[in-house]
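Engineer: Structure below; questions to follow.
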Amino acid sequence: MSTAFAKPRPRLLLVASNGGHLEQLHRLSEGSDIDPDSQWVTFDTPQAHGLLDPDRTHYVPPVEQRDALGAVRAVPGLRRILASGKFDGVVSTGAAIAAPAFVAARSMGLPTLYIESVSRVEGPSVTGRLVYGSRLASTVWTQHEAWRSGRWQYHGSVLDRFESVPVETPDVVPSLFVTLGTLRRYPFPRPVERLVEIGAVDDRTIWQLGVTPAPDGLPGEVNDFFSSARFDAAARSAGVVVSHAGVGSVLRLIEMGVYPLLVVRRSARGEHIDDHQAQIARLLELRNLAIVREADEITLDDLHAASARKVRPL
Numbered sequence: 001m002s003t004a005f006a007k008p009r010p011r012l013l014l015v016a017s018n019g020g021h022l023e024q025l026h027r028l029s030e031g032s033d034i035d036p037d038s039q040w041v042t043f044d045t046p047q048a049h050g051l052l053d054p055d056r057t058h059y060v061p062p063v064e065q066r067d068a069l070g071a072v073r074a075v076p077g078l079r080r081i082l083a084s085g086k087f088d089g090v091v092s093t094g095a096a097i098a099a100p101a102f103v104a105a106r107s108m109g110l111p112t113l114y115i116e117s118v119s120r121v122e123g124p125s126v127t128g129r130l131v132y133g134s135r136l137a138s139t140v141w142t143q144h145e146a147w148r149s150g151r152w153q154y155h156g157s158v159l160d161r162f163e164s165v166p167v168e169t170p171d172v173v174p175s176l177f178v179t180l181g182t183l184r185r186y187p188f189p190r191p192v193e194r195l196v197e198i199g200a201v202d203d204r205t206i207w208q209l210g211v212t213p214a215p216d217g218l219p220g221e222v223n224d225f226f227s228s229a230r231f232d233a234a235a236r237s238a239g240v241v242v243s244h245a246g247v248g249s250v251l252r253l254i255e256m257g258v259y260p261l262l263v264v265r266r267s268a269r270g271e272h273i274d275d276h277q278a279q280i281a282r283l284l285e286l287r288n289l290a291i292v293r294e295a296d297e298i299t300l301d302d303l304h305a306a307s308a309r310k311v312r313p314l
């Protein structure tokens, strides 16, 4: 991302919502020649505490998707953060926090880079279209060469360096880790109900349900949210990880070598704001980095198939 700015090794303010937006920006920053004193703006979540240096992180109130008033209210605080340090530019992977961050940056004469999420396989998100059309983003990158056009530049994808291979001795009866992500507005009960229905869960199962209510008598260890370290430990100890197709969860899992069984949230069922999870799920399936199923179509054979592969870096 340093190539988007005139100064070598720029000192940047890196801005992202929690979940996949933060996970992607963190991964992209690790491979970039930027000033190590670059700083972060995000929301106060266990994920952020696990990923980021607290001495270089500013926590701001959440800006929800399509929350215009919240975005306007965020601008003064972001201006104060920019004024407190000598920054050479602002980078964001979204979501809604990108627009107010770029308003603050452009009002202070700073260049801005927007990197669209890898989950946007078919074209830009609402935020991407907004910062592109308004020119709040002085530079825009896509992670998919197929829709590079106009000012959208392609510089590769966070998925480019992975492949899957068979596991030598998969578990006969694999234990499960089920993670439904950190979305705070969208319950996702269907995979929970399906896994119980097919008899796939037992006392070894670890659940991270977010805002999804736990059914009475749900077997295993039940959690709503937990730290990045706890997430990693649960994923490594499980024979199979069943995850929603959120890009933050997916990236973390494949980084750890996990070949997940992904279930797609559907907007028509009130499980997400749109169907972009279906796009990233299809891409991962094409790259053979995951098995993808509708939540109410999971089978025991799918779980065994997921347990028989792992992911490794190229």
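Residues in the sequence shown are numbered consecutively from 1, following the numbering used here.
From the three backbone atoms N, C-alpha and C, an ideal C-beta is built for every residue, glycine too.
Only a predicted model underlies this, so the values are computations on that prediction, with no experimental measurement involved.
1) Are the CB atoms of histidine 21 and valine 41 within a distance shorter than 9 Å?
2) Helix, strand or coil for leucine 286, going by three-state DSSP, please let me know.
3) Could you check the C-alpha separation between phenylalanine 43 and leucine 52 for me, to the nearest Å?
4) Count the other CB atoms within 10 Å of the CB of threonine 299; is the residue buried (16 or more) or exposed (fewer)?
5) Taking a contact to mean a Cβ-Cβ separation below 9 Å, would you say glutamine 33 touches serine 84 in this structure?
6) By the 10 Å Cβ neighbour count, where 16 or more other Cβ atoms means buried, how is threonine 169 classified, buried or exposed?
7) Can you tell me which of the three DSSP states serine 307 falls into?
8) Considering only the beta carbon of each residue, do serine 125 and histidine 272 sit closer than 9 Å?
9) Just to confirm my understanding: we take alanine 306, look at its own chain, exclude 5 residues before and 5 after, and list those with CB closer than 7 Å. What are they?
10) Using alpha carbons as the reference points, say which of Val131, Pro46 and Tyr154 lies closest to phenylalanine 380.
11) Assuming glutamine 47 is part of the beta strand (DSSP E), what are its boundary residues?
12) Counting pairs of Cβ atoms below 8 Å between the segment 11-19 and the segment 89-107, do you hit three or more?
13) Run through the DSSP bridge pairs and tell me what isoleucine 115 is partnered with.
14) So, do the segment 23-30 and the segment 98-113 have three or more beta carbon pairs nearer to each other than 8 Å?
15) Can you tell me whether aspartate 88 is buried or exposed, with buried defined as 16 or more other CB within 10 angstroms of its CB?
16) Can you confirm whether the segment 180-195 touches the segment 206-218 when touching is taken to mean that 3 or more C-beta pairs between the two stretches lie within less than 8 Å?
17) Closest to valine 140 by CA distance: which of His155, Ser119 and Ile115 is it?
18) Give the secondary structure of leucine 300 by DSSP, where H, G and I count as helix, E and B as strand, and everything else as coil.
19) Count the other CB atoms, across all protein chains shown, that sit within 10 Å of the CB of proline 54; report buried if there are 16 or more and exposed otherwise.
20) To test your reading of the DSSP string, which unbroken alpha helix (DSSP H) runs of 4 or more residues are found completely within the segment 211-269?
21) Tell me which residues share the same chain as alanine 235 and place their Cβ nearer than 7 Å to its Cβ, disregarding the 5 neighbours each side in the sequence.
22) With a threshold of 7 Å on Cβ separation, who are the neighbours of leucine 303 within its own chain once the five nearest residues in sequence on each side are excluded?
23) Residues in its own chain within less than 6 Å of tryptophan 152 by CB, not counting five upstream and five downstream?
24) What did DSSP end up calling tyrosine 59 once you bin it into helix, strand or coil?
25) Could you check whether leucine 289 and leucine 136 sit closer than 9 Å to each other, using their CB atoms as the reference points?
26) For the candidate residues Pro10, Gln24 and Pro8, whose alpha-carbon lies nearest to that of glycine 248?
27) Assuming phenylalanine 225 and threonine 182 make a contact with CB atoms under 8 Å, what is their CB distance in whole Å?
28) Please state the DSSP three-state secondary structure of arginine 66.
29) Are tryptophan 147 and glutamate 122 close, meaning C-beta to C-beta below 9 Å?
30) Can you grab the Cα-Cα spacing for the pair valine 118 / histidine 144, in whole Å?
31) My guess is that serine 237 and glycine 50 are in contact by the Cβ rule of under 8 Å, so how many angstroms apart are they, rounded?
32) Compute the Euclidean distance between the alpha carbons of leucine 69 and serine 107, then round it to the nearest angstrom.
33) In the structure shown, what three-state DSSP assignment does serine 92 receive?
Structural biologist: Once the coordinates are examined:
1) As a position in the sequence shown, residue 41 is number 41, starting the count at 1. As a position in the sequence shown, residue 21 is number 21, starting the count at 1. The answer is no: Cβ separation not under 9 Å.
2) Along the sequence shown, one-based indexing puts residue 286 at 286. Residue state, collapsed to three classes: helix.
3) For the purposes of this step, residue 43 is taken as the residue at position 43 of the sequence shown. For the purposes of this step, residue 52 is taken as the residue at position 52 of the sequence shown. When rounded, the distance between both Cα atoms is 11 Å.
4) Locating residue 299 in the sequence shown gives position 299, counting from the first residue. Under this definition threonine 299 is an exposed residue.
5) By one-based count along the sequence shown, residue 33 stands at place 33. By one-based count along the sequence shown, residue 84 stands at place 84. The amino acid occupying residue 33 in the given sequence is aspartate; glutamine does not appear at that position. Result no, Cβ atoms of aspartate 33 and serine 84 do not sit closer than 9 Å.
6) Position 169 of the sequence shown, counted from the start, is the residue given in the question as residue 169. Exposed is the call here.
7) Counting from one through the sequence shown, the residue named residue 307 turns up at place 307. Reduced to three states, the DSSP call for serine 307 is helix.
8) Numbered from its first residue, the sequence shown carries residue 125 at position 125. Numbered from its first residue, the sequence shown carries residue 272 at position 272. Their beta carbons are not under 9 Å apart, which means serine 125 does not touch histidine 272 by this criterion.
9) On the sequence shown, residue 306 is found 306 positions in, with the first residue counted as 1. The residues are Val240, Tyr259, Pro260, Leu261 and Ile291.
10) Any question about residue 380 goes unanswered here, given that the chain covers just 1 to 314.
11) As a first step, residue 47 must be located in the sequence shown, where it is residue number 47. Run containing glutamine 47: none in the beta strand (DSSP E); it sits in the alpha helix (DSSP H), 46-51.
12) yes
13) Start at 1 with the first residue of the sequence shown, and residue 115 comes out as number 115. Bridge partners of isoleucine 115: Trp141.
14) no
15) In the sequence shown, the residue the question calls residue 88 occupies position 88. Buried, by the Cβ-count rule.
16) yes
17) Along the sequence shown, read from residue 1 onward, the residue named residue 140 stands at position 140. Of His155, Ser119 and Ile115, the residue nearest in Cα terms is Ile115.
18) Start at 1 with the first residue of the sequence shown, and residue 300 comes out as number 300. Helix at leucine 300.
19) Along the sequence shown, one-based indexing puts residue 54 at 54. Taking a 10 Å sphere around the C-beta of proline 54, we find fewer than 16 other C-beta atoms and assign the residue as exposed.
20) 228-237 and 247-255
21) Numbered from its first residue, the sequence shown carries residue 235 at position 235. These residues qualify, in order along the chain: Phe177, Val241, Leu253, Met256 and Val258.
22) Walking along the sequence shown from the start, residue 303 turns up at place 303. So the list reads Pro174, Ala200, Val240 and Leu261, once near-sequence residues are dropped.
23) For the purposes of this step, residue 152 is taken as the residue at position 152 of the sequence shown. Once the five neighbours on either side are set aside, the close Cβ partners of tryptophan 152 are Val140 and Thr142.
24) For this step, residue 59 is matched to residue 59 along the sequence shown. If DSSP states are grouped into helix, strand and coil, tyrosine 59 belongs with the strands.
25) Residue mapping note: residue 136 aligns to position 136 of the sequence shown, counting from 1. Residue mapping note: residue 289 aligns to position 289 of the sequence shown, counting from 1. Against a cut-off of 9 Å, the Cβ pair of leucine 289 and leucine 136 comes out as no contact.
26) For this step, residue 248 is matched to residue 248 along the sequence shown. Glycine 248 has its Cα closest to that of Gln24, out of Pro10, Gln24 and Pro8.
27) Counted from its first residue, the sequence shown places residue 225 at position 225. Counted from its first residue, the sequence shown places residue 182 at position 182. Going by Cβ atoms, the distance from phenylalanine 225 to threonine 182 rounds to 6 Å, so yes, they are a contact pair.
28) Position 66 of the sequence shown, counted from the first residue, corresponds to residue 66. In this structure, arginine 66 counts as coil in the three-state DSSP scheme.
29) Translated into positions along the sequence shown, residue 147 becomes position 147. Translated into positions along the sequence shown, residue 122 becomes position 122. Contact flag set, yes.
30) Walking along the sequence shown from the start, residue 118 turns up at place 118. Walking along the sequence shown from the start, residue 144 turns up at place 144. When rounded, the distance between both Cα atoms is 7 Å.
31) If you number the sequence shown from 1, residue 237 lands on position 237. If you number the sequence shown from 1, residue 50 lands on position 50. Wrong, their Cβ atoms sit about 17 Å apart, outside the cutoff.
32) Taking the sequence shown and counting its residues from 1, the one referred to as residue 69 is at position 69. Taking the sequence shown and counting its residues from 1, the one referred to as residue 107 is at position 107. Our two residues, leucine 69 and serine 107, have alpha carbons roughly 19 Å apart in a direct line.
33) To locate residue 92, count along the sequence shown from 1; it is residue 92. Residue state, collapsed to three classes: strand.
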